[in-house]
Amino acid sequence: MLLLGSSTTGKHLSASCQQVIEEGFTNSTARVVVRSCLAQSQLYPIISGHLCNGVPICPSALNADMAMVVAQYIWNSLRPNTELPGINVSNLEVPRSLIVELPQRPPGQHLEMEAEANFDAMGGVVHCSWRSVRSDGTKIQDHAHCTVLFESKELWSQEWSKVAHMVRNSIKMLQEKAHRGSADLMQTGLAYKCFASFANYSPKYRAMEDVIFDGLEGYSSIVFKTLSEDYTAPFHLDNTCHLSGFLCNAHDMDGNVYISEGWQTWRCLRPDLIAEAHQVRLENYVLMQPREKGILQGDVYVLHDDEIIAVWGGIRFKRVSRKAIDILLPQPRKKKVHV
3 MLLLGSSTTG KHLSASCQQV IEEGFTNSTA RVVVRSCLAQ SQLYPIISGH
53 LCNGVPICPS ALNADMAMVV AQYIWNSLRP NTELPGINVS NLEVPRSLIV
103 ELPQRPPGQH LEMEAEANFD AMGGVVHCSW RSVRSDGTKI QDHAHCTVLF
153 ESKELWSQEW SKVAHMVRNS IKMLQEKAHR GSADLMQTGL AYKCFASFAN
203 YSPKYRAMED VIFDGLEGYS SIVFKTLSED YTAPFHLDNT CHLSGFLCNA
253 HDMDGNVYIS EGWQTWRCLR PDLIAEAHQV RLENYVLMQP REKGILQGDV
303 YVLHDDEIIA VWGGIRFKRV SRKAIDILLP QPRKKKVHV
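Under the numbering used here, think of the first position of the sequence shown as 3, with each following residue one higher.
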């Protein structure tokens, strides 16, 4: 198996954005292209521990992290010596998931993100798109896209303060229902077994502890399972929205599965807690609701010390029949063992 250390050529931003391949800046625009090898030693556990229908899929949380890393890099380049505003990773869609090869063979799979930014007096917008490429940069396939918006954290706080009481009240009611036996309570192992028929996560992805749910409404406590040497952000981002997918798939009794279609907004007041908080206890609350046919959507609230610190807004899941999933993501054939 190929397993690489950090890249030694080109500008390195993070384990998820290993090389800046191209960059260009004016006073108000920027274009940055980053490329990462999935076999890199810190990135490999992120892409190898996230299986759907037995198939390793590049997690959308990696897209979100790459977008935030490059957006911050662009802001610091165009607006040096100014405070970084809130980074809203909005309208993320993944029309074609990147299927990961396990184990990675030389020279490894490569994921490239192109970011184009425009700034004015009001702020900035960064359009991000992802594609798989060969090691020489030759494009293989487009995969995903999103728009990053630079926004006021103060306005986020004001918006969330209006719903904080409702969220805390809803959590309290679910906890009381669980105590009375009128809501379901699951702990880590059993909660992730509910995923297991479709989604299989490595231990570092299994951060939900107590899970309380009543239909499509749910609460979970979160304790990150990463280590100090891990590149934590993609694991932790994924951890903070697992509850939504759990509720959708636990709710279905007809043999279908719900797959993520992306989200409308990802906003976080405390990225320091999300990135480094393996000693910190967080909480989740979400109410998933039916939208158009076969779609469930909701806002996932992330809390710390009873305060909302982040929101996955408009996170969406689409109902797909098991038969269709087996066609879209055929399970790998088990190799015959010769005795």
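No residue lacks a Cβ here, since even glycine has one placed at the ideal position from N, Cα and C.
Reduced DSSP category for P292 - H, G, I as helix; E, B as strand; rest coil:
P292 falls in the strand class under three-state DSSP.
Span of the beta strand (DSSP E) around T267:
T267 to C270
In or out: K206 buried (at least 16 other Cβ within 10 Å) or exposed?
buried
So the beta strand (DSSP E) A252 belongs to, where does it begin and stop?
Note, A252: premise wrong, no beta strand (DSSP E); alpha helix (DSSP H) at H244 to H253.
G12 - partner residues in DSSP beta bridges
BP columns for G12 are empty, so no partner.
Nonlocal neighbours in the same chain, by C-beta distance under 6 Å from G56, ignoring five residues either side
Taken in chain order, the residues that qualify are Q333 and P334.
Tell me the rounded alpha-carbon separation between L6 and N65.
Its pLDDT being 42, under 50, L6 is placed unreliably in this model, and the coordinates cannot settle the point.
Beta-carbon contacts of N93 that lie in its chain and below 7 Å, excluding the five residues immediately before and after
Once the five neighbours on either side are set aside, the close Cβ partners of N93 are C148, T149 and Q266.
8 Å Cβ shell around L80 - same chain, five flanking residues per side excluded:
F27, N29, S30, A32, A119, F121 and G126
Confirm, please, whether the CB-CB distance from V35 to E114 is below 8 Å.
yes
Check each candidate in L289, S154, A277 and K179 and name the one with the smallest Cα separation from D232.
Checking every option, the nearest Cα to that of D232 belongs to A277.
For P61, which residues in the same chain have their Cβ closer than 8 Å to its Cβ, ignoring the five residues on either side in sequence?
Same-chain partners within the cutoff: I48, I49, H52, P236 and D240.
Should S134 and L100 be called a contact, given that it needs their Cβ atoms to be closer than 8 Å?
yes
Given Q111 as reference, the closest of D138, A73, R98 and T228 once Cα atoms are compared
With distances taken between Cα atoms, Q111 lies closest to D138.
Counting C-beta neighbours from all protein chains within 10 Å, is the total for T11 16 or more, i.e. buried, or is it exposed?
Note on T11: pLDDT 43, under 50, position unreliable in the model; the coordinate value appears next. Classification of T11: exposed, given that the 10 Å Cβ count is below 16.
Assign N258 to buried or exposed, taking buried as 16 or more other Cβ atoms, counted over all protein chains shown, within 10 Å of its Cβ.
buried
Between Q291, G264 and V71, which lies nearest to I21 when the distance is taken from Cα to Cα?
According to the sequence provided, residue 21 is Gln. The question's Ile does not apply to it. That would be V71, whose Cα lies nearest to the Cα of Q21.
Can the beta-carbon of W314 be found less than 8 Å from the beta-carbon of C250?
no
Inter-residue CB distance, L275 and I224 (contact presumed, cutoff 8 Å)
So it is not a contact: roughly 11 Å between Cβ atoms.
If you draw a straight line from the C-alpha of C19 to the C-alpha of S163, how long is it?
Spanning the two alpha carbons is a distance of roughly 34 Å.
Can you say whether R107 is buried or exposed, counting buried as having 16 or more other CB atoms within 10 angstroms of its CB?
Exposure of R107 is indicated by the presence of fewer than 16 other C-beta atoms within 10 angstroms of its C-beta.
Can you say whether P58 is buried or exposed, counting buried as having 16 or more other CB atoms within 10 angstroms of its CB?
buried
Between which two residues does the beta strand (DSSP E) containing Y203 stretch?
A201 to Y203
Nearest to M124 (by Cα), restricted to the options A252, R293, I142 and L151
The candidate whose alpha carbon is nearest that of M124 is L151.
Considering just the uninterrupted stretch of the beta strand (DSSP E) at S262, what are its terminal residues?
N258 to G264
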